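Student:
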Amino acid sequence: MAWAVNGTPQTLTGTADTITISDQTSTKFNIFLEHKLNSGSITNDLRLGNGSVDTAGNYSARYEQNGAADGTNTSTAYILGAGGGGTDAEEGLLVGYIINISSEEKLTMFWGCFNNAAGSSNAPNRGQNTGKWSNTSNQFDNIQFDDAGGAGGNFAADTNLSAFGTD
Numbered sequence: 001m002a003w004a005v006n007g008t009p010q011t012l013t014g015t016a017d018t019i020t021i022s023d024q025t026s027t028k029f030n031i032f033l034e035h036k037l038n039s040g041s042i043t044n045d046l047r048l049g050n051g052s053v054d055t056a057g058n059y060s061a062r063y064e065q066n067g068a069a070d071g072t073n074t075s076t077a078y079i080l081g082a083g084g085g086g087t088d089a090e091e092g093l094l095v096g097y098i099i100n101i102s103s104e105e106k107l108t109m110f111w112g113c114f115n116n117a118a119g120s121s122n123a124p125n126r127g128q129n130t131g132k133w134s135n136t137s138n139q140f141d142n143i144q145f146d147d148a149g150g151a152g153g154n155f156a157a158d159t160n161l162s163a164f165g166t167d
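In the working numbering, the protein residues as written are 1 to 167.
Structure below.
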């Protein structure tokens, strides 16, 4: 199994509400890496799609932050970003995996760490999520992180999203 860059990685040159890779080749196994920089409070929510990003209530997720009790979302328009509920103005790094078989729901799992506050006396936050996109007709070829929760913030310049895939 050889992993290869899948789609054109995106690095923002200014603020934006979304960061998207829309030119992916549909592959069964996928990894994504996201380095997010915020210019305000923002939710960091995952959406997938075929041809365009699905914004309907076709997602569900389970999430946890810093070892707290699990939370869940069902029939939503996104998979809540790693770390779970609420918004933050933290720098963060996400690493995730997605299975992408056309006749199956697309299962995701990802982990993140987030800068809680500057200085060595402040420990970073951590989060983990599992989720699914309920589409059983197509493989996805679009991946997007956005401010779906409407927190009013933006991704800052230099936020980056990269994807890798293999069959």
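Idealized CB from N, CA, C, for every residue including glycine.
Just so we're clear, the structure is a prediction, and the values are computed from it rather than from any experiment.
Quick one: what's got a C-beta closer than 6 Å to Thr159's C-beta in the same chain, skipping five residues either side?
Tutor: On the sequence shown, position 159 is the one that residue 159 refers to. Contacts found: Leu12, Ile19, Lys36, Leu37.
Student: Ala56 by DSSP, collapsed to three states: which one?
Tutor: Counted from its first residue, the sequence shown places residue 56 at position 56. In the structure shown, Ala56 sits in coil (DSSP, three-state: anything other than H, G, I, E or B).
Student: In terms of residue numbering, what span does the beta strand (DSSP E) encompassing Lys28 cover?
Tutor: Numbered from 1 along the sequence shown, position 28 holds the residue referred to as residue 28. Counting along the chain, Lys28 falls outside any beta strand (DSSP E), and DSSP gives it neither H nor E.
Student: Output yes or no for whether 7 Å exceeds the beta carbon distance between Ser26 and Gln144.
Tutor: What you label residue 26 is simply residue 26 of the sequence shown in a count that begins at 1. What you label residue 144 is simply residue 144 of the sequence shown in a count that begins at 1. No, Cβ-Cβ distance for Ser26 and Gln144 is not below 7 Å.
Student: Going by DSSP, which residues form a beta bridge with Ile101?
Tutor: Working through the sequence shown from its first residue, we reach residue 101 at position 101. The partner list for Ile101 (beta bridge, DSSP) is empty, contrary to what the question assumes.
Student: Between the C-alpha atoms of Phe110 and Ile101, what's the straight-line distance to the nearest angstrom?
Tutor: Here residue 110 corresponds to residue number 110 of the sequence shown, with the count starting at 1. Here residue 101 corresponds to residue number 101 of the sequence shown, with the count starting at 1. Rounded to the nearest angstrom, the two C-alpha atoms are 18 Å apart.
Student: Please state if the CB of Tyr78 and the CB of Tyr63 are separated by a distance shorter than 7 Å.
Tutor: Within the sequence shown, the letter at position 63 stands for residue 63. Within the sequence shown, the letter at position 78 stands for residue 78. In this structure, Tyr78 does not lie closer than 7 Å to Tyr63 by Cβ.
Student: Would you kindly work out how many angstroms separate the C-alpha atoms of Asn125 and Ala68, rounded to a whole number?
Tutor: If you number the sequence shown from 1, residue 125 lands on position 125. If you number the sequence shown from 1, residue 68 lands on position 68. The straight-line gap from Cα to Cα measures roughly 11 Å.
Student: Between the alpha carbons of Asp167 and Gly119, how many angstroms are there, rounded?
Tutor: Sequence index remark: in the sequence shown, residue 167 carries index 167 (1-based). Sequence index remark: in the sequence shown, residue 119 carries index 119 (1-based). Computed Cα separation, rounded: 42 Å.
Student: Going by DSSP in three states, Thr11 sits in which element: helix, strand or coil?
Tutor: For this step, residue 11 is matched to residue 11 along the sequence shown. Strand.
Student: Determine, using beta carbons only, whether Ala61 and Gly131 come nearer to each other than 7 Å.
Tutor: Along the sequence shown, one-based indexing puts residue 61 at 61. Along the sequence shown, one-based indexing puts residue 131 at 131. Cβ atoms of Ala61 and Gly131: closer than 7 Å.
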